[in-house]
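J.: First the structure, which I've put down as structure tokens, then a few questions once you've had a look.
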Amino acid sequence: MADIDNSKQVINTDKNGPASRVKVYTKTGDAGISSLYNGQREPKNHTIFEALGNIDEVSSCIGLASSLLEHGSNDVADIHDFSVFLKRLEIVQCVLQDLCSHIATPRAKKSSTLEQDDISSEEEDNSIVLPFLNGIKNCQDIELWIDEYQSLLPKITKFILPSGAIVSSQLHIARCVCRRAERSLIPLLSDIEKEAYIYLNRLSDFLFVAARYISHVLQVEEKIYIRRE
370 MADIDNSKQV INTDKNGPAS RVKVYTKTGD AGISSLYNGQ REPKNHTIFE ALGNIDEVSS
430 CIGLASSLLE HGSNDVADIH DFSVFLKRLE IVQCVLQDLC SHIATPRAKK SSTLEQDDIS
490 SEEEDNSIVL PFLNGIKNCQ DIELWIDEYQ SLLPKITKFI LPSGAIVSSQ LHIARCVCRR
550 AERSLIPLLS DIEKEAYIYL NRLSDFLFVA ARYISHVLQV EEKIYIRRE
């Protein structure tokens, strides 16, 4: 019997039963085609997959910033308790996952002529398989966080370069990727809830303020733009 390559499998632990192994690969995308959450098959360069990849990258950048802050240095914990901040970053990552689920389930396609008697075009156009969960509240929460951290920061009088503490620089990278993710949603605006786009727009603002907040608390000076003569 051939040995099992554990590097190719994921442990799926169920509290109600024994651990099972779910393979990471499915081979269904080997031809450059992949499935959306509603089963719809599209090429991997489709605008939906571009947006999903960008949002996944944002989450990964935030995850790295979170890990750097939580595990990067023992001195950080002595300076400030970042537990609330870290929890908020985790919440953002979870919201981004919900956002991906929403984007990956586009509005239902037009039904056949035989089905149109049962479903009006208006009802069908507004049919989204998975809504952006708690979209309005998510936007409100992140606006509150922006205002909270902004109130603790010195007023900006000059252009700030992406700099400061290591975690801050990583959050600036996350902000840039978030802006790219936001741009990639433009072709999909008619197929997603408006709060989905608004959230990414607010998130980039939050990441900017968050980066400044970390540098401020850790007392690491930010570099400013100086015009060269």
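The numbers in our numbering rise by one with no breaks, and the one at position 8 of the sequence shown is 377. No residue lacks a Cβ here, since even glycine has one placed at the ideal position from N, Cα and C.
Any chance you could list the alpha helix (DSSP H) runs of at least 4 consecutive residues sitting entirely within the stretch 535-595, in chain order?
T.: Segments of the alpha helix (DSSP H) lying fully in the stretch 535-595: 535-553 and 563-586.
J.: I'd like the list of long-range same chain contacts for asparagine 423, defined as Cβ closer than 6 angstroms, with 5 residues on each side in sequence excluded.
T.: In the sequence shown, counting from the first residue as 1, residue 423 sits at position 54. So the list reads Arg549, Ala550 and Ser553, once near-sequence residues are dropped.
J.: Quick check on the DSSP output: the alpha helix (DSSP H) that includes isoleucine 525 runs from which residue to which?
T.: Taking the first residue of the sequence shown as 1, we reach residue 525 at position 156. Per DSSP, isoleucine 525 belongs to no alpha helix (DSSP H) and is neither H nor E.
J.: By the 10 Å Cβ neighbour count, where 16 or more other Cβ atoms means buried, how is threonine 526 classified, buried or exposed?
T.: Translated into positions along the sequence shown, residue 526 becomes position 157. Its Cβ having fewer than 16 others within 10 Å, threonine 526 is exposed.
J.: What's the C-alpha gap between glycine 533 and glycine 408?
T.: As a working mapping, residue 533 is identified with position 164 in the sequence shown. As a working mapping, residue 408 is identified with position 39 in the sequence shown. Taking the straight line joining both Cα atoms gives about 45 angstroms.
J.: Roughly how far, in whole angstroms, is the beta-carbon of serine 520 from the beta-carbon of alanine 580, given that I think they are within contact range, below 8 angstroms?
T.: Position 151 of the sequence shown, counted from the first residue, corresponds to residue 520. Position 211 of the sequence shown, counted from the first residue, corresponds to residue 580. About 16 angstroms; that fails the 8 angstroms criterion.
J.: According to the neighbour-count rule (16 or more other Cβ atoms, all chains shown, within 10 Å of its Cβ), is arginine 596 buried or exposed?
T.: Along the sequence shown, one-based indexing puts residue 596 at 227. Exposed.
J.: Rounded to the nearest angstrom, what separates glutamate 564 and valine 391 at their Cα positions?
T.: What you label residue 564 is simply residue 195 of the sequence shown in a count that begins at 1. What you label residue 391 is simply residue 22 of the sequence shown in a count that begins at 1. Each residue's Cα considered, the two are about 34 angstroms apart.
J.: Decide if arginine 410 is buried, meaning its Cβ has at least 16 other Cβ atoms within 10 Å, or exposed.
T.: Along the sequence shown, read from residue 1 onward, the residue named residue 410 stands at position 41. Per the 10 Å Cβ criterion, exposed.
J.: Per DSSP, what kind of secondary structure is phenylalanine 418 in: helix, strand or coil?
T.: Within the sequence shown, the letter at position 49 stands for residue 418. Looking at phenylalanine 418 - three-state DSSP - the assignment turns out to be helix.
J.: Provide the residue span of the alpha helix (DSSP H) that contains glutamate 517, from first to last.
T.: Locating residue 517 in the sequence shown gives position 148, where the first residue counts as 1. Element bounds for glutamate 517: 504-519.
J.: Just mark asparagine 503 as buried or exposed, buried being the case when its beta carbon has 16 or more other beta carbons within 10 Å.
T.: As a position in the sequence shown, residue 503 is number 134, starting the count at 1. Per the 10 Å Cβ criterion, exposed.
J.: Does the distance from the CB of valine 586 to the CB of histidine 440 come in under 7 angstroms?
T.: Stepping through the sequence shown from its first residue, residue 586 is reached at position 217. Stepping through the sequence shown from its first residue, residue 440 is reached at position 71. In this structure, histidine 440 does not lie closer than 7 angstroms to valine 586 by Cβ.
J.: Please report how far the alpha carbon of cysteine 430 lies from the alpha carbon of arginine 544, in whole angstroms.
T.: For the purposes of this step, residue 430 is identified with residue 61 of the sequence shown, where counting begins at 1. For the purposes of this step, residue 544 is identified with residue 175 of the sequence shown, where counting begins at 1. Cα to Cα, cysteine 430 sits roughly 9 angstroms from arginine 544.
J.: Between valine 464 and glutamate 598, what straight-line distance do the alpha-carbon atoms span, to the nearest angstrom?
T.: The residue given as residue 464 occupies position 95 in the sequence shown. The residue given as residue 598 occupies position 229 in the sequence shown. Roughly 45 angstroms between the two C-alpha positions.
J.: Distance, Cα to Cα, leucine 468 vs phenylalanine 501?
T.: Within the sequence shown, the letter at position 99 stands for residue 468. Within the sequence shown, the letter at position 132 stands for residue 501. In a straight line, the C-alpha of leucine 468 is about 6 angstroms away from that of phenylalanine 501.
J.: With 16 other CB atoms within 10 Å as the buried threshold, where does threonine 474 fall?
T.: As a first step, residue 474 is located in the sequence shown; it is residue number 105 there, counting from the start. Buried, since its Cβ has 16 or more Cβ neighbours within 10 Å.
J.: Reducing DSSP to helix, strand and coil, say where aspartate 425 ends up.
T.: Along the sequence shown, read from residue 1 onward, the residue named residue 425 stands at position 56. Helix.
J.: In whole angstroms, what separates the C-alpha of valine 461 from that of cysteine 508?
T.: On the sequence shown, residue 461 is found 92 positions in, with the first residue counted as 1. On the sequence shown, residue 508 is found 139 positions in, with the first residue counted as 1. Their Cα atoms are separated by approximately 11 angstroms.
J.: What three-state label does DSSP hand alanine 473 in the structure shown?
T.: In the sequence shown, residue 473 corresponds to position 104, counting from 1. Of the three classes helix, strand and coil, the one that applies to alanine 473 here is coil, per DSSP.
J.: Does DSSP put glycine 432 in a helix, a strand or coil?
T.: One-based indexing of the sequence shown puts residue 432 at position 63. Note: glycine 432 maps to helix in three-state DSSP.
J.: Considering only residues of the same chain and omitting the five flanking positions on each side of valine 546, which have a CB-CB separation below 6 angstroms?
T.: For the purposes of this step, residue 546 is taken as the residue at position 177 of the sequence shown. The residues are Glu426, Val427 and Cys430.
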